[in-house]
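End of the sequence shown sits at 549 in our numbering; the numbers just go up one at a time, nothing left out. All C-beta atoms in this analysis are idealised placements derived from N, C-alpha and C, irrespective of residue type, glycine included. Quick notes on the structure that follows.
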Amino acid sequence: MQEMRKIFPIMLALVALLLPATGHAQLTCETPPAPFDRPEVLENWQSVWDLMDLCQHREGVFSEIISGGVGRDGIPPIDNPSFDDLALADTWLQDASPVIALEIDGVARAYPLAILTRHEIANDTLGETPIAVTFCPLCNSAIVFDRRVGDDVLRFGVSGLLRKSDLIMWDDLTQSLWQQLTGEGIVGAHTGALLDIVPSQLVGYGAFKEQYPHGEVLSTNGRFYGANPYVNYDSSSRPFLFFGEPDGRLFATERVLGVTLGDVRAAFPFAALSEARVINETVGDVDVLAIWQPGAFSALDAASIDLSRDVGMAGLFERAIDGRTLRFRADGDAIVDEGTGSTWNIFGTAIAGELAGTQLPSINAFPHFWFAWAAFYPDTELVGHEPATMVLTERKYLDPVLGNPAAPVTLIEYGAYGCSVCKRWHEQGAVDDIIEAFDGEVNFIYRDMPIVLPGYSQTAAEIAQCALDQGQEQFWLMHDALFTVARQGQSSAEDLMEIGAQVGLDADALRSCYLSGIHVETVRFDHQRGEALGIRGTPTFLIGEQPVFNGDPDLLRQLLQAELDKLDS
């Protein structure tokens, strides 16, 4: 962070130069705060932000703001949006396509993340309420705000600046800067103000249609949307343009449902929610229900959002209705209350049983990546989270072994299923030839380094790890098929799981394992082990402690023999 403080004035100047001069900002202090006490920085800044009062700001904020690499509204927000009916939306959205859903004054609208990943903000009016529908891809934060502040209705844009990797919005009336994840004004006339949150949920399009059969969907206006510009980002251990130290209690890009209730901040990890489906809890002094159901793709996984993993959808509600507090449980795929046996959906609506038609009071809780939520709310309580057990920790170290497990020498490959050289190496049967040549003295281990075609390689690696859960033999069947049967870089997760079923794996177990995301971290662990060894390309081999960057089988045989000779000497 010290380095960022040093280069911040330069970054501000670069951002300022992206737009033409328009005037000078009115300051309410004689000497502006650093770095704007430098005339050249202040002049460049004021050439763009001609209305912003830099003298009003959150303490210490200028040491945390950095450029995101684009100018003001370089990522264009949507103004005056248009909407389609469900029949037209059906032509391009799937049931699990992720959308931000909300309803005001009887009007229900869905805002697909396929569109918002490209625009980040949609300024809209629903009924009598002016709203800003926002999505920060770098933080996976989807929040809707009321655009009214006092007597003013603001129009929000994308400032081109980031803080703790999170989108900083700006308003066109005062040019104040606003933190998207918190809704707080951090620089300018509205410093310290908090935008009102409008209740919404991030769900699958199919769930939205079922809840709101007469709903409307943000229109593409004839443009193509659906490609993900952040391929494999939700498997990244290094959040983009985040210079703090991520809270180590969870993996940086693990999804959480974050909530602030009074003075209490809490987060429900999606991993815990997807396993339990239902969590009855008390946060602060509020009895709450957290629920999760499958049916929403990640917008930050595969190159195509609709070919990405199903990460599910979650919601948080009060459990008290009409003076009684309900308790809920999962009954297969259904959510039921134990008092009446009524069935409830992801929106907290009773859809069958004695309480059909009843609505649980919603609580403003939204999905975020853990690193981002924890950066703004470091005192967060984790709900439902169990620290990794010894069994889970040991699973990360479980290697697929081909050949004699007790062989004195091991040949380790760090490879990627999207790597064409790795593919040729395996198609030539080099592994089998080496194992056969050394007659039980050498075995082979494969570890994942998904750096070539990373989205595809990550998906294939997770599916292979799921195959390993079924046994060593099952792993090698899947592994070989990934290199010899799959269409490298083109096969979808569905295609790869179908290939697994064709070679004899338990298809249901393979699918359940992959969709759970349990081996995202396993693959990351292999990747990190490779990086720690200085490995930067695939295939790279390890014999003893020595990386070998040449996959020539004859060279590998020589090095393996030399390793055996060392053991005999």
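Per DSSP, the continuous alpha helix (DSSP H) segment holding GLU407 begins and ends at 400 to 407.
CYS116: not part of any alpha helix (DSSP H); member of the beta strand (DSSP E) spanning 109 to 116, first to last residue. Distances from the CA of ARG245 to each of TRP350, ASP17, TYR397 were compared; the closest alpha carbon is that of TRP350.
CA-CA distance, TYR185 to GLU196, rounds to 11 Å. Judged by DSSP secondary structure, TRP158 falls within the beta strand (DSSP E) whose first and last residues are 157 to 159. The continuous beta strand (DSSP E) containing HIS348 extends over residues 345 to 349. By the Cβ rule, the stretch 284 to 296 counts as touching the stretch 339 to 350, because three or more pairs are nearer than 8 Å. Counting only runs that start and end inside the stretch 185 to 266, the alpha helix (DSSP H) elements of at least 4 residues fall at 185 to 191, 250 to 256.
Distance from THR109 to ASP126 at the Cβ level is roughly 6 Å; contact confirmed, criterion being Cβ atoms closer than 8 Å. A straight line joining the alpha-carbon of GLY480 with that of ASP428 spans about 18 Å. When beta bridges are read from the DSSP output, MET149 appears opposite VAL138, TRP158. In this structure, DSSP gives PRO434 a helical state, which the three-state scheme calls helix. Residue pairing by DSSP puts PHE63 in a beta bridge opposite LEU198.
In summary, PHE418 is buried, with 16 or more beta-carbon neighbours lying within 10 Å of its beta-carbon over all protein chains present. The Cβ-Cβ distance between GLY469 and TYR426 does not fall below 7 Å. Put simply, the backbone Cα of ILE84 is about 6 Å away from that of LEU106.
Counting only the Cα atoms, GLY328 lies some 43 Å from ALA396. When secondary structure is reduced to three states using DSSP, ILE425 falls in the strand class. In summary, LEU382 is buried, with 16 or more beta-carbon neighbours lying within 10 Å of its beta-carbon over all protein chains present. DSSP, read as helix, strand or coil, puts GLU44 in coil. Nearest Cα to ARG509 within the set ALA355, THR305, ILE148, GLU393: GLU393.
Measuring C-alpha to C-alpha distances from PHE250 to each of GLY364, GLY524, THR360 identifies GLY364 as the nearest.
With fewer than three CB-CB distances shorter than 8 Å, the stretch 57 to 64 does not count as touching the stretch 11 to 30. Judged by DSSP in its simplified three-state form, TYR494 adopts helix.
Within the model, the alpha-carbon separation for TRP456 versus PRO380 is close to 8 Å. In this structure, GLN450 places its C-beta atom within 7 Å of the C-beta atom of LEU485. Taking ARG135 as the centre and dropping the five residues before and after it, the same chain places the C-beta of ASN103, ASP152 closer than 6 Å to its C-beta, in chain order. For MET32, the three-state secondary structure derived from DSSP is coil. Cβ-Cβ distances below 8 Å link ARG304 to GLY319 in the same chain, with the five nearest sequence neighbours on each side left out; the list follows chain order. Taking 7 Å as the cut-off, the beta carbon of VAL124 is found closer than this to the beta carbon of VAL113. Ranked by how close their Cα comes to the Cα of LEU174, the residues ASP475, THR162, ASN384 have THR162 in first place.
Secondary structure at GLY395: strand, using DSSP grouped into helix, strand and coil. For GLN273, the beta-bridge partners assigned by DSSP are MET293.
Residue environment for GLN273: buried (at least 16 other C-beta atoms within 10 angstroms of its C-beta). For the 7 Å CB-CB criterion, ASP146 and GLN155 do not form a contact.
Using a Cβ-Cβ distance cut-off of 8 Å, the stretch 259 to 268 and the stretch 232 to 248 are in contact, since at least three pairs of beta carbons, one from each stretch, lie closer than that value.
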